[in-house]
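J.: Numbering (this note's numbering), first residue to last: 16 to 176.
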Amino acid sequence: MNRWKTLTSSAILAGLLAAPMVTLADHHKGQGEGWKEQHHERMLERMAEKLELTEGQKAQLKANRDANQEQRMAQRQKMRELRGQIRDAIDSGADQATLDQLGAELGKLQVSQMQERHRRHQELESILTDEQKAKLEQMKTERKARWRERHKARKGGADSQ
Numbered sequence: 016m017n018r019w020k021t022l023t024s025s026a027i028l029a030g031l032l033a034a035p036m037v038t039l040a041d042h043h044k045g046q047g048e049g050w051k052e053q054h055h056e057r058m059l060e061r062m063a064e065k066l067e068l069t070e071g072q073k074a075q076l077k078a079n080r081d082a083n084q085e086q087r088m089a090q091r092q093k094m095r096e097l098r099g100q101i102r103d104a105i106d107s108g109a110d111q112a113t114l115d116q117l118g119a120e121l122g123k124l125q126v127s128q129m130q131e132r133h134r135r136h137q138e139l140e141s142i143l144t145d146e147q148k149a150k151l152e153q154m155k156t157e158r159k160a161r162w163r164e165r166h167k168a169r170k171g172g173a174d175s176q
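Printed below as a string of structure tokens:
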């Protein structure tokens, strides 16, 4: 009898512990890159609202973003594949030269991605008025301050800089 109580209690406890994970997994089920794109869309909409962009500015932003979307997606996929190759190489005990070569490829892609982000930011600034540029800079400063506060709180109040 005691054995059944223990077994039943264990099964119930396992079910209770698994429920939040199933709920979380179901919440993000099938969202993948599409979910990220939707999040990015909402972020851009909020930015457009805060900067009070005109319809023409919004259209230009969308055209700029859509122009290179396939290239960005292909680059993201290549980075994902390279990370997988690096993990596989490490797991299989590959030599350092192979790891260095894969790391160099990944590094080049990361630099290219940073350059592309910088170019897109310059495109954004090129369509903004001086007032909107000032507002964007203010938003950036506020976002960095919020990040620092959250980071500081996670580190237990220690100043990381």
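The beta-carbon is built from N, C-alpha and C at its ideal position, and this holds for glycine as well.
The structure presented is a predicted model; accordingly, all values stated were derived computationally and were not measured.
#1: Return the chain-ordered list of same chain residues with a C-beta closer than 6 Å to the C-beta of Arg80, the five sequence neighbours on each side being excluded.
#2: Return the residue from the list Ser127, Gly118, Gln111 and Met62 that minimises the CA-CA distance to Leu151.
#3: Less than 9 Å between the beta carbons of Leu124 and Ile101, yes or no?
#4: Note down the Cα distance separating Trp162 from Glu70, rounded to an integer number of angstroms.
#5: Measuring CB to CB, does Glu131 end up less than 9 Å from Gln90?
#6: Please state the DSSP three-state secondary structure of Gln123.
#7: Quick one, are the C-beta atoms of Gln72 and Leu143 less than 9 Å apart?
#8: Of the residues Arg165, Arg158 and Gly108, which one's Cα is nearest the Cα of Met58?
#9: Given this structure, state the Cα-to-Cα distance separating Gln84 from Asp103, to the nearest angstrom.
#10: Look at the Cβ atom of Leu68, then the Cβ atom of Gln147, and state whether they are nearer than 9 Å.
#11: Using alpha carbons as the reference points, say which of Met94, Gln111, Lys155 and Lys170 lies closest to Leu66.
#12: Taking the Cβ atom as the reference point for each residue, do Leu139 and Leu76 lie within a distance shorter than 9 Å?
#13: Which two residues bound the contiguous alpha helix (DSSP H) that contains Asp110?
#14: Hey, how far is the Cα of Ala149 from the Cα of Met88?
#15: Would you kindly report the start and end of the unbroken alpha helix (DSSP H) that includes Thr156?
T.: So, to answer that:
#1: Residue 80 sits at position 65 when you count from the first residue of the sequence shown. Contacts found: none.
#2: As a first step, residue 151 must be located in the sequence shown, where it is residue number 136. Per the Cα distances, Met62.
#3: For this step, residue 124 is matched to residue 109 along the sequence shown. For this step, residue 101 is matched to residue 86 along the sequence shown. Not in contact: Leu124 and Ile101 (Cβ atoms no closer than 9 Å).
#4: Here residue 162 is taken as the residue at index 147 of the sequence shown, counted from 1. Here residue 70 is taken as the residue at index 55 of the sequence shown, counted from 1. The alpha-carbon atoms of Trp162 and Glu70 are separated by roughly 31 Å.
#5: Taking the sequence shown and counting its residues from 1, the one referred to as residue 131 is at position 116. Taking the sequence shown and counting its residues from 1, the one referred to as residue 90 is at position 75. Cβ distance < 9 Å, so Glu131 and Gln90 count as in contact.
#6: Residue mapping note: residue 123 aligns to position 108 of the sequence shown, counting from 1. Per the sequence shown, residue 123 should be read as Lys rather than Gln. DSSP places Lys123 in helix when its eight states are reduced to three.
#7: Counting from one through the sequence shown, the residue named residue 72 turns up at place 57. Counting from one through the sequence shown, the residue named residue 143 turns up at place 128. For Gln72 and Leu143, yes; Cβs fall inside 9 Å.
#8: Residue 58 sits at position 43 when you count from the first residue of the sequence shown. Cα-wise, what sits closest to Met58 is Arg158.
#9: Within the sequence shown, numbered from 1, the residue matching residue 84 stands at position 69. Within the sequence shown, numbered from 1, the residue matching residue 103 stands at position 88. The straight-line gap from Cα to Cα measures roughly 29 Å.
#10: Position 53 of the sequence shown, counting from 1, holds the residue named residue 68. Position 132 of the sequence shown, counting from 1, holds the residue named residue 147. Closer than 9 Å, so yes.
#11: Numbered from its first residue, the sequence shown carries residue 66 at position 51. The residue with the shortest Cα to Cα distance from Leu66 is Lys155.
#12: Within the sequence shown, numbered from 1, the residue matching residue 139 stands at position 124. Within the sequence shown, numbered from 1, the residue matching residue 76 stands at position 61. Going by C-beta atoms, Leu139 is nearer than 9 Å to Leu76.
#13: Numbered from 1 along the sequence shown, position 95 holds the residue referred to as residue 110. Taken as a continuous stretch (DSSP letters only), Asp110 belongs to no alpha helix (DSSP H), as it is neither H nor E.
#14: One-based indexing of the sequence shown puts residue 149 at position 134. One-based indexing of the sequence shown puts residue 88 at position 73. Their Cα atoms are separated by approximately 31 Å.
#15: For the purposes of this step, residue 156 is taken as the residue at position 141 of the sequence shown. Note, Thr156: alpha helix (DSSP H), Asp145 to Arg169.
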